[in-house]
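S.K.: Right, I'll just put the structure down here and ask away after.
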């Protein structure tokens, strides 16, 4: 480890050494000042050492944690350009983390961590959202479990989430398998990042390394959770596909478990290269008893530009997978690429959806594109449906929103609401209108 005087030689060269020396003399000449500072700092040092032991961090030697805190305060009092200040703070934190990791992290989080200054931070700071996160890269990589224990202790408050991101970047580079093994302990919002960063470390020309990481994902938590993580991995890295037939035969003959989940997700990912006819042909080979599970896996790998998106949703509906369909599948319809999908065809598909609450978002997303492009034709289509029909009423709710938000036409919206015959549906549409009125300060006559 570098000696503490050496770090302040660098700081002194930057023009802040005198102020730091006056505030924390022990850091410049630890031996010379040891005798004079022992009585004044012994009580504080004992507390520092005890706290460090309780937290699981390396115990500060000779009260150095207290000296680092004084140096930190002195550095913060200097009037320096922000880029230079942050560079010096990172250097100090890096040395501090070697003897008192928790204290260094607390100090970093005591600084403002708004994103406006991220442009000044190097690699980890930029990506994690905290301008000082990069200072902990070495400590996180060298002592990952100790660092994770501190980050998970609750002592660092909300800021720990930002430092966890830095932990993921640092540990994934050195030991991606370890990063994967911690998935079950991570907040859900960080798991995708951990999977992405870990898999980045496996070169494309070394499929065996990625295969090992995928197997690690498949066994890193409860089967339901691990399956979702596998789906995330394959969606982010679609090139990790294999032979479709071999993968199907593998999962269809395997018992429930991690191997089956791994093969099925790989199979679903391999379908992404297919056109609609090829997908429909492949689907005929899926065992009837596994079609619900297979449909969910396919949808997990299907984007809005997929030629067989509607077919995959239909298969999930046929299997009764409504709980899954309610969780974000409708967003894929919203992401359909303009010009590659016929809005009228999608609207016709929407009119065939079962009239049930779980299909509401699917219906609105599916018919919305057609109503935006052709509002008057869409009105005529809806008016051709029986009064009170679920599709008619929900369609006019969507049309009323289309006139408001897409065409800034409150009169058109009012006419759409007047076409709704069901009192409950009309009340829903009217409630939505209030948002527009509040935001635009333009009340609509009723």
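Residue numbers (this note's numbering): 9 to 454. Glycine included, every Cβ here is placed at the ideal spot set by N, Cα and C.
1. Return helix, strand or coil for residue 349, following the three-state DSSP convention.
2. Could you please give the first and the last residue of the uninterrupted alpha helix (DSSP H) stretch that includes residue 73?
3. Express the C-alpha separation of residue 233 and residue 160 in angstroms, rounding to a whole number.
4. For residue 392, does the count of other Cβ atoms within 10 angstroms reach 16, so buried, or fall short, so exposed?
5. Enumerate in chain order the residues of its own chain whose CB-to-CB distance from residue 168 is below 7 Å, with the five nearest sequence positions on each side excluded.
6. Taking 8 Å as the threshold (C-beta atoms), are residue 276 and residue 465 in contact?
7. Among 150, 87, 84 and 85, which residue has its Cα nearest to the Cα of residue 105?
8. Just to confirm the assignment: which complete beta strand (DSSP E) runs, minimum length 3, are found wholly within the segment 372–413?
9. Within 10 angstroms of its Cβ, does residue 90 collect 16 or more other Cβ (buried), or is it exposed?
10. With a cut-off of 8 Å, do at least 3 Cβ pairs link the segment 397–412 to the segment 357–376?
11. Measure the C-alpha to C-alpha separation of residue 208 and residue 94 and round it to an integer number of angstroms.
12. Rounded to the nearest angstrom, what separates residue 321 and residue 303 at their Cα positions?
13. Which residues in the same chain have their Cβ closer than 7 Å to the Cβ of residue 329, if we skip the five residues on either side of it in sequence?
14. Got a sec? Which residues, its chain only, sit under 7 Å from residue 176 by beta carbon, not counting five neighbours each side?
15. Between residue 384 and residue 319, what straight-line distance do the alpha-carbon atoms span, to the nearest angstrom?
16. Just to confirm before moving on: does the CB-CB distance between residue 291 and residue 323 stay below 8 Å?
17. Any idea if residue 213 is buried or exposed, counting beta-carbon neighbours within 10 angstroms, 16 or more meaning buried?
18. May I ask you to report which of helix, strand or coil DSSP gives residue 292?
19. Which of the three DSSP states is assigned to residue 329 in this structure?
20. If you measure between the beta carbons of residue 258 and residue 271, is that distance less than 8 Å?
21. What would DSSP say about residue 418, mapped onto helix, strand or coil?
M.R.: Let me lay it out:
1. Here residue 349 refers to the residue found at position 341 when the chain shown is read from its first residue. Strand.
2. Counting from one through the chain shown, the residue named residue 73 turns up at place 65. Going by DSSP, residue 73 is part of the alpha helix (DSSP H) stretching over 72–84.
3. Here residue 160 is taken as the residue at index 152 of the chain shown, counted from 1. Here residue 233 is taken as the residue at index 225 of the chain shown, counted from 1. Distance between the alpha carbons of residue 160 and residue 233 is about 20 Å.
4. Numbered from 1 along the chain shown, position 384 holds the residue referred to as residue 392. By the neighbour-count rule (16 or more Cβ atoms within 10 Å), residue 392 is not buried but exposed.
5. Counted from its first residue, the chain shown places residue 168 at position 160. The answer, listed in chain order, is 159.
6. Shown here, the chain extends from 9 to 454; a query on residue 465 therefore has no answer.
7. For the purposes of this step, residue 105 is taken as the residue at position 97 of the chain shown. For residue 105, the nearest C-alpha among the options comes from 150.
8. none
9. The count along the chain shown starts at 1 and reaches residue 90 at position 82. Looking at its Cβ environment, which holds fewer than 16 other Cβ atoms inside 10 Å, residue 90 is exposed.
10. Result yes; three or more Cβ-Cβ pairs closer than 8 Å.
11. In the chain shown, counting from the first residue as 1, residue 208 sits at position 200. In the chain shown, counting from the first residue as 1, residue 94 sits at position 86. Going by the C-alpha atoms only, they are around 29 Å apart.
12. Taking the chain shown and counting its residues from 1, one reaches residue 321 at position 313. Taking the chain shown and counting its residues from 1, one reaches residue 303 at position 295. Rounded to the nearest angstrom, the two C-alpha atoms are 8 Å apart.
13. Working through the chain shown from its first residue, we reach residue 329 at position 321. Cβ within range, chain order: 300, 303 and 304.
14. In the chain shown, the residue the question calls residue 176 occupies position 168. So the list reads 187, 198, 201, 202 and 205, once near-sequence residues are dropped.
15. Position 376 of the chain shown holds residue 384. Position 311 of the chain shown holds residue 319. Roughly 28 Å between the two C-alpha positions.
16. Translated into the one-based positions of the chain shown, residue 291 becomes position 283. Translated into the one-based positions of the chain shown, residue 323 becomes position 315. Yes; because the gap between Cβ atoms is below 8 Å, this pair is in contact.
17. Position 205 of the chain shown, counted from the first residue, corresponds to residue 213. Exposed.
18. The residue given as residue 292 occupies position 284 in the chain shown. Residue 292: coil per DSSP, three-state reduction.
19. Taking the chain shown and counting its residues from 1, one reaches residue 329 at position 321. In this structure, residue 329 counts as coil in the three-state DSSP scheme.
20. Translated into positions along the chain shown, residue 258 becomes position 250. Translated into positions along the chain shown, residue 271 becomes position 263. Less than 8 Å separates the beta-carbon of residue 258 from that of residue 271.
21. Taking the first residue of the chain shown as position 1, residue 418 is located at position 410. Three-state result, residue 418: helix.
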